[in-house]
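Novice: Sequence positions in the sequence shown follow full-length UniProt numbering and run 1 to 165.
Glycine residues also receive a C-beta, built at the ideal position from the N, C-alpha and C atoms.
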Amino acid sequence: MISTSALIATSIICLIAGAGLGALAMRIYSSARQPKDLEARHNTLQNEYNQYQQNVAQHFVDTSRLIAETQQRQQQLREHLVKGALHLTSADISRAILAQGDEEQPLTEGAALENLDPADLTPPKDWAPKIPGEGGVLSEEFGLKEESEETDSIEVRTATKSTKA
């Protein structure tokens, strides 16, 4: 029969050999698996990057389209304003507007008013002339009078507590 000490020694040797083989197998398996994990991660990141580039490109295409639409609407608005100004303003302003339109420059207030005579311009109907030396109707002091005479004649009385013994 086999002695107990030989059985224990054989068990310990087998345990150490099994642990060594297991560690070796783990090391070989993990190093073979690591490049596959890195490759999968690389592919995922590459796909995300490509998607990001497509999103950026689409954003700029959309922005360009919106700018073109805005410029077209701006031109339509300018044409509408010119037509309205020609229809609703005097002949002098209409000529100034047409001259500006021919030069393809933006219409400015100064350019439209250059050819006008100041006598032709009238103030708005709700405008009130200001008397020299006084505040106008939009002044903060308008309609307020100093009340210094009235405040001098006011008598101030205070109530006192009377004590009776």
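(1) Measure the alpha-carbon distance for leucine 66 versus tyrosine 49 and round it to whole angstroms.
(2) By a C-beta neighbour count over all protein chains shown, 10 Å radius and 16 as the cutoff for buried, is isoleucine 2 buried or exposed?
(3) Kindly indicate which three-state DSSP category serine 90 falls into: helix, strand or coil?
(4) Please determine if the segment 67-85 and the segment 93-100 are in contact, where contact requires at least 3 C-beta pairs separated by less than 8 Å.
(5) Grab me the residues of alanine 68's own chain with a C-beta within less than 7 Å of its C-beta, minus the 5 sequence neighbours each way, in chain order.
(6) Helix, strand or coil, according to DSSP, for proline 35 in the structure here?
(7) Rounded to whole angstroms, what is the Cα-Cα separation between leucine 15 and serine 30?
(8) Taking the C-alpha atoms as reference points, what is the distance between isoleucine 13 and alanine 6?
Specialist: According to the data block:
(1) 26 Å
(2) exposed
(3) coil
(4) yes
(5) none
(6) helix
(7) 22 Å
(8) 10 Å
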